[in-house]
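Asks: First residue of the sequence shown: 0, per numbering that gives the first Met the number 0; consecutive thereafter.
All C-beta atoms in this analysis are idealised placements derived from N, C-alpha and C, irrespective of residue type, glycine included.
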Amino acid sequence: MKNRLRELREAKGLTQEELAKALGVTRQTIIAIEKGKYDPSLKLAFKIARFFGVLIEDIFVYEGERDDS
Numbered sequence: 000m001k002n003r004l005r006e007l008r009e010a011k012g013l014t015q016e017e018l019a020k021a022l023g024v025t026r027q028t029i030i031a032i033e034k035g036k037y038d039p040s041l042k043l044a045f046k047i048a049r050f051f052g053v054l055i056e057d058i059f060v061y062e063g064e065r066d067d068s
């Protein structure tokens, strides 16, 4: 899953450590999400979206199969 977490974090002038503390996770979790190595739980995805004041789909883009029917 692609995401814009790094872009949003940097736009707010936050370090990975500062964001991790604000969300109650480790810096390693933020690194893994930003690199696309880890997909956050739904609960964490909502927490991230709420922190930045955006919708989940404004941060995370699912690249699985699409069914447009």
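(1) Compute the Euclidean distance between the alpha carbons of A21 and K36, then round it to the nearest angstrom.
(2) Give the C-beta separation of L7 and I55 to the nearest angstrom, bearing in mind that I take them to be a contact with Cβ-Cβ under 8 Å.
(3) What does F59 pair with, by DSSP beta-bridge criteria?
(4) Cα separation between G63 and P39?
(5) List the whole-angstrom C-beta distance separating I29 from L18, where the pair is believed to meet the contact cut-off of C-beta under 8 Å.
Replies: A quick look at the data gives this:
(1) 21 Å
(2) Their Cβ separation, rounded to whole angstroms, is 12 Å, which puts L7 and I55 out of contact at 8 Å.
(3) N2
(4) 16 Å
(5) 6 Å
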